[in-house]
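One structure is given here, and the rest of the page talks about it.
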Amino acid sequence: MDLFAAFGVFLACVACCMVMGLPQFLALLVGLVCFFLVGLHRGHRAADLVQMTLTGMKTSVKVLRILVLIGLLTALWRAGGTVAFFVWGGAQLITPRTFILVAFLLPALFSLAFGSSFGVVGTAGVILMAIARSGGADLTVTAGAIISGIYVGERLSPASSSAALTAAVSGAEQRAFQHEMWRATPLPMALSLAVYGVLSILCPIRQVDSHIIEALESGFQLSWVTLLPAAAVLLLPWLKISAFLSIAVSCVLAAICALFVQGMDLGELLLACLVGYQTAQPGLADIMAGGGLSSMINVVLTVVLSCAYSGIFNGTGLLDPVTDRVGHLVDRVGLFPVHILLSFGCCGLFCNQAVGIVMGAQLMEGEYRRRGLDSMELAVNLGNSVLNLAGLVPWAISASVPLTTLGVGASALPLAVYLYLVSLCWWACLVWKEKKRKKAAAL
């Protein structure tokens, strides 16, 4: 009963934060206190519970290092013109019958380098929706394509905090984990391209407004040099360089671009790194502003608190009854279908992708040990489920923030086909492998 009461208070706080527009980490903090009190009520010493909490928080250390760099990256790419060049270059490819396809591909390519779905939707996504509105394109279809694109980098980008968290909580090495994510991507990507290619023909844009393109051209020096920071993030990991070092190199290159290509003052650049990039350029202030270390405070606190939950749940065994039920469900329907159910369940209840990742790993890791499966298989199944499926829960921040930013309703989510094609294709692949294994065993 005490555990149900704690969950009740926690979920009520989550709902209040959603309704009042407050940061989700406040609800996580209240929940942590509630579960701490449950631990005390069940006989655990306060000192032991504090140690459990700290042990869980240690899991987030690798992720926090990357999050700090991502905060710098999001400001430096804006200041250096990398973001502007991506958007400007993508806009050049738009024709009446390619617009929806570009609305998927441009955010997809951008997110591969940038790693942040919210950062991409707030820049490229906003610009594409402005073009769609002025050109008479179908806004729901356009938004669905954009939301699909912004989530491509969640699994694949070295700069993705979600991928880093998934690797950390499952105990897998991030570079190897993301290599497996790339291997699972060609089929859902090909199907998504086919869908958006057809929709581009069926839902053409009538005209393309050039005002935003002209604003980018007047506000930035759009040189090919500004692509070097993106090239560093995309290419260095393939040379077996860590995600942390790849992002650090990208930050240095972006700072050089800001100082010597865009002509920013050093003091202005340092301020942008702290509080975010700002521009007074007409038509670009709302689109290009943002990033910086201050923008990562909510994310950092959410990740740390989510990992703290893991420490308390592991140490106290509070979730053992739930874990047992999950094990019975796995025996009936299989590992990956349960991952899908947990993804929707955790993200639906907690409204947060990070909590969904941590809870998914927490509830399933025992089942993987029981079956003799390694941490990489847990990471891969998490990566092919919760990382994208969180974006399909309308009231979770993974979906509500992009929908609000783009100015559309939840009707756009069914058209974000890449988000569920990743899981469906991986599920089909696992079923095919299992049938093949059984057939070989029967011979």
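Using full-length UniProt numbering, you'd call the opening residue of the sequence shown number 1 and step up by one each time.
A virtual CB, placed ideally from N, CA and C, is assigned to each residue, including glycine.
Check whether the Cβ atoms of G153 and S160 lie closer than 8 angstroms to each other. yes
Enclosing alpha helix (DSSP H) for K240 [first to last residue]: Element bounds for K240: n/a, residue is neither H nor E.
For the region 333–402, which segments carrying the alpha helix (DSSP H) assignment without a break, of at least 4 residues, lie completely within its bounds, in sequence order? 335–350, 353–370, 375–383 and 386–389
Can you tell me the Cα-Cα spacing of R206 and S343, whole angstroms? 39 angstroms
Return yes when the Cβ of V322 is within less than 8 angstroms of the Cβ of L378, no when it is not. no
Closest Cα partner of Q353 within the set N314, S400 and P337: S400
Could you tell me whether the region 289–304 touches the region 63–79, using the rule of 3 or more Cβ pairs below 8 angstroms? yes
For a test of the three-state rule: what should DSSP assign to G292, helix, strand or coil? coil
Neighbour-count burial assignment, A47, 16 or more Cβ in a 10 Å radius: Taking all protein chains shown into account, A47 has fewer than 16 neighbouring C-beta atoms within 10 Å of its C-beta and is therefore exposed.
Would you call I201 buried or exposed, if buried means 16 or more other Cβ atoms sit within 10 Å of its Cβ? I201 is exposed by the Cβ-count criterion.
Output the residue ranges of the alpha helix (DSSP H) runs that lie fully inside the region 2–86 and measure 4 residues or longer, sorted by chain position. 2–20, 24–41, 46–58 and 61–80
Which residue spans inside the region 193–263 form an unbroken alpha helix (DSSP H) run of at least 4? 211–219, 228–235 and 243–256
Indicate whether I312 and V169 have their beta-carbon atoms separated by less than 8 angstroms. Their beta carbons are not under 8 angstroms apart, which means I312 does not touch V169 by this criterion.
Please name the residue in A428, G372, L269 and L349 whose C-alpha comes closest to that of A12. L349
Taking 6 angstroms as the limit between beta carbons, can you name the residues of its chain near L284, skipping five residues before and five after? A215 and G219
Cβ shell of F276 (< 7 angstroms), same chain only, five flanking positions each side left out: First, the amino acid is wrong: residue 276 is Gly here, not Phe. Hits under 7 angstroms: A75, A289, G290, G291, G292, S294 and S295.
Measuring alpha carbon to alpha carbon, tell me which of V408, C425 and K435 ends up nearest I146. V408
What are the start and end residues of each continuous alpha helix (DSSP H) run of 4 or more residues lying completely inside the region 111–141, in chain order? 117–120 and 126–135
Is Y151 helix, strand or coil when you go by DSSP? coil
Would you call the region 412–430 and the region 185–193 in contact, with 3 or more CB pairs under 8 angstroms? yes
Roughly how far, in whole angstroms, is the beta-carbon of V83 from the beta-carbon of I131, given that I think they are within contact range, below 8 angstroms? The pair is not a contact, with the Cβ atoms about 16 angstroms apart (cut-off 8 angstroms).
Determine whether the beta carbon atoms of L222 and W88 lie at a separation below 8 angstroms. yes
Compare the C-beta of V326 against all C-beta atoms of chain B and say whether one is closer than 8 angstroms. Any reference to chain B falls outside this structure, which holds one protein chain only.
Can you give the Cα-Cα distance for P204 and L139, rounded to whole angstroms? 11 angstroms
Taking only the alpha-carbon atoms, compute the straight-line gap between G144 and Q281 and give it to the nearest angstrom. In this structure, the alpha-carbon of G144 lies about 29 angstroms from that of Q281.
Report, in whole angstroms, the separation of the C-beta atoms of L259 and A232, which I expect to be a contact under 8 angstroms. Not quite, the Cβ-Cβ distance comes to about 17 angstroms (not below 8 angstroms), so this is no contact.
What number of angstroms, rounded off, separates the C-alpha of L165 from the C-alpha of S60? 7 angstroms
Nearest-angstrom Cα separation, counted from G391 out to V30: 25 angstroms
Limits of the alpha helix (DSSP H) - the one that R437 falls within: V417 to A442
Can you name the residues that DSSP bridges to Y277? G290
Looking only at its chain, what residues have a beta carbon closer than 7 angstroms to the beta carbon of L187, apart from the 5 residues adjacent to it on each side? C425
Considering only their Cβ atoms, is the gap separating S398 from H339 smaller than 8 angstroms? no
Whole-angstrom distance between S310 and W77, CA atom to CA atom: 34 angstroms
Report yes if the C-beta distance between I213 and A91 is below 8 angstroms; otherwise report no. A contact, by the Cβ cut-off of 8 angstroms.
Which of helix, strand or coil does DSSP assign to R183? helix
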